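Everything on this sheet refers to the single structure shown next.
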Amino acid sequence: MRGAALVAIAATIGNFLQGWDNATIAGAIVYIKNDLNLGTSVEGLVVAMSLIGATAITTCSGAISDWLGRRPMLIMSSMLYFVSGLVMLWSPNVYILCLARLLDGFGIGLAVTLVPVYISETAPSEIRGLLNTLPQFTGSGGMFLSYCMVFGMSLMDSPSWRLMLGVLSIPSLLYFAFTVFYLPESPRWLVSKGRMLEAKQVLQRLRSREDVSGEMALLVEGLGIGGETSIEEYILGPADELDESQEPGADKDKIRLYGPEEGLSWVAKPVAGQSILSIASRPGSMVNQSIPLMDPLVTLFGSVHEKLPETGSTRSMLFPNFGSMFSTAEPHARNEQWDEESLQREGEDYASDAAGGESDDNLHSPLISRQTTSLEKDMVPPASHISSLSMRRHSTLVQDGTESVGGTGIGGGWQLAWKWSEREGEDGKKEGGFKRIYLHEEGIPGSRRGSLVSLPGNDMPAEGEFIQAAALVSQPALYSKELMDQHPVGPAMVHPAETASEGPVWTALLDPGVKRALLVGIGIQILQQFSGINGVLYYTPQILEEAGVEVLLSNLGLGSDSASFLISAFTTLLMLPCIGVAMKLMDISGRRRLLLTTIPVLIVSLIILVFSELVDLGTVVNAAISTACVIVYFCCFVMGYGPIPNILCSEIFPTRVRGLCIAICALVYWIGDIIVTYTLPVMLSSIGLAGIFGIYAVVCLISWVFVFLKVPETKGMPLEVITDFFAVGARQAGATKNE
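In the working numbering, the protein residues as written are 2 to 740.
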């Protein structure tokens, strides 16, 4: 995982520059207004121009990133940072300065919007939360270092605000170098454009291993949006055990899994749903009715995490040797690739069985290695630009009357599998078809008959043991109904390049699952902005001054401005260890639990601040209480409500519209930031600090209720499984509403 971690660290330099700029302008504006003789309104405009630029660029950044890619937008962000720094270093008047601040805002908007997306699409699911907390850490680190720089320059006889702002160009050069020469393109974006070989090479670099066929399969399945997804349940175990215990006539329902050694096979049998996940997925179930107004999504996700380990372990929970069951009968099958370029070659099938090395001329699908039945052996696949997947014929893996499955572990205790179960019904019509399955173990220790035995450690289960697995079953992302009418041999699949769109897929925003995810993303972003962080930041210098900190520093020979900068640096420094704790807990406790734990602390802190404003307990006591509340508020905010909204928004949307959707959420974030920033002085003069913090406390209470009822837990789950859950939850909520 070191490759993914280093890439994430390099990408978050953009957030470091955002924090650096925010702190620098807060210090430099003190000298700018005196040097350029600015009025209050113009002073506010200079500070706000970066906010305006970030808001403006966000309106189009997501759609463009879905079109051009994540990496080009990050390169553009670094260039904007660099150019704006140079212009601010030169700026002869306030107009040029405002232009430079606008360009700086463009860079900030691109970084804040796209870095979380980029990290989510490159990070393993087990450490995705940790890596996506890095932007919060590097941003706060940038603020701390910038405040230290401003403090040092404030001790000079004539501090230069141009130099303070122009220093931004130096770290932005480093950012530019990393984005151009080190950061790869997002593998999920590459797959969405049909560039399969490039995506595989990027994954091999990020995962530091050659075999990435399982994750490649997962990335392709993530291209689907919507579709009918159902939750089923299987018993998986030794073939002999299930054959002995099954009911008569159940053979047609069996799914056969093949082990890594010849003769070792497993059979999956559909059963009546009694798992936590299948029960939770039923509209009107007791699980969903236990808490009024709770979104079924929350229950569905929660039912999965009751069985997940509390550590970010990369070891699969379901079938330790399951990954080796994929294409095990033919050792060289793992080296075959899926071609995009051969689509352009007349008369050639992209799923050709031609032998060869790593090139775009002989790609195989890394997704499916389906075995044929005796009826299929004499059939020849048609050659076409869009064809069915080629099929390998391994005599030891052919079983008549059963369904064949190829599967791979995809992280978080999930397995990816496929089944081909088409057969003729009584009326002569074909039934069943090609299905994709996400499996998740729900086993508990039990007896040999009628109960489950989870797989211990890395050992294969003993004879007589079997496990129960819940399954998300749906059509594969690239399944083509039109091709099925041509009677192809095997599953009818199109190449990802054939489904790639040049522009944003606006119609996908109407999909119920996507709308559900947008509700969660927009809701948590707007509530975060109104939860009080800007007000507390605004009030912090005054609180610390009342506590006597500034007087103490003045007695040490520091001026009021220098003392203020040092106080701000100290406040920012307190955030860093707390963010470090959040990074550790993000993939262990999870996003939802961190929010539900830290938001009540924010509420209590704000209420005590209101109390200290209304009740006079003496100057020293009031100042001590206020200082303690501010520190606690900051620490808890950066552990939960600070990073988690961006993390969630980068996880819950389908690949094809992820950039577009997160841009919508980011736009809401920036608009909320503008509203809070410009209404704060008005509210301060009308209702005072006690009224402001009272409103913030109410918003935090609403936030807690919203998180409890609407925000699911996404830790450790592959992005593609998360979006499938949103589709299931949206359909279930619709069914419940209709009832």
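Think of the CB as a built atom: it goes at the ideal place given N, C-alpha and C, for glycine as much as any other residue. The model shown is predicted, which means the values in this text are computed figures rather than measured ones.
Straight-line spacing of the CA atoms in VAL669 and ILE256 works out to 47 Å. C-alpha of SER561 to C-alpha of ASN35: approximately 16 Å in a straight line. Within a 10 Å sphere around the beta-carbon of TYR679 sit fewer than 16 other beta-carbons, which makes this residue exposed. For the options MET718, ALA178, LEU7 and SER161, the alpha carbon positioned closest to that of LEU37 is the one of SER161. Excluding residues up to 5 positions away in sequence, LEU690 and ALA691 lie with their Cβ nearer than 6 Å to the Cβ of GLU614 in the same chain. Put simply, the backbone Cα of CYS630 is about 14 Å away from that of MET576. For GLY70, the closest C-alpha among the options LEU610, PHE531, GLU186 and LEU220 is that of GLU186. C-alpha of ILE589 to C-alpha of GLY412: approximately 15 Å in a straight line. If you check the CB distance, ALA49 and GLU234 do not come in under 8 Å.
Contact annotation, ALA5 with LEU207: C-beta distance approximately 5 Å; criterion of less than 8 Å satisfied.
Beyond the five residues adjoining it in sequence on each side, PRO513 comes within less than 6 Å, by CB distance, of ALA731 in the same chain, given in chain order. Segment contact: the region 92-112 against the region 67-84, three or more CB-CB distances shorter than 8 Å; contact assigned. For LYS194, there is no enclosing beta strand (DSSP E), as DSSP gives it neither H nor E. ILE653 is positioned such that its CB atom lies closer than 8 Å to that of VAL521.
The shortest CA-to-CA distance from CYS637 to any of ILE696, CYS701, LEU191 and LEU204 is the one to CYS701. Nearest C-alpha to TYR642 among PRO188, MET74, ASP617 and LEU595: LEU595. Out of TRP21, LEU440, PHE531 and THR620, the CA that lies nearest to the CA of PHE726 is found in LEU440. With a threshold of 16 other beta carbon atoms within 10 Å, TYR96 falls short and is exposed. DSSP places TYR439 inside the beta strand (DSSP E), whose first and last residues are 435-442. Note: LEU567 is not bridge-paired with any residue in the DSSP secondary-structure output. Taking the C-beta atoms as reference points, GLY167 is found nearer than 8 Å to LEU87. Beta-bridge partners assigned by DSSP to ALA472: GLU233 and LEU440. Pairing SER563 with ALA570, the inter-Cα distance amounts to about 11 Å. Secondary structure note for LYS516: its alpha helix (DSSP H) is the uninterrupted segment 513-530. A distance below 8 Å separates the beta carbons of GLY28 and TYR148.
TRP91 and LEU98 have their C-alpha atoms some 9 Å from each other. A Cβ-Cβ contact shorter than 8 Å links SER141 with ILE580. The residues THR59 and THR114, in chain order, have a CB closer than 6 Å to that of ALA667 in the same chain once the five nearest residues on each side in sequence are set aside.
In summary, ASP22 is buried, with 16 or more beta-carbon neighbours lying within 10 Å of its beta-carbon over all protein chains present. Taking C-beta atoms as the reference points, LEU191 and ALA200 count as a pair closer than 8 Å. For ILE723 and GLY660, the gap between their C-alpha atoms comes out near 16 Å.
For MET587, the three-state secondary structure derived from DSSP is coil. As the crow flies, the alpha-carbon of LEU39 is around 29 Å from that of GLY533.
Rounded to the nearest whole angstrom, the C-alpha separation of VAL43 and TYR32 is 14 Å. Each residue's CA atom was taken as its position, placing ILE676 and VAL639 some 21 Å apart.
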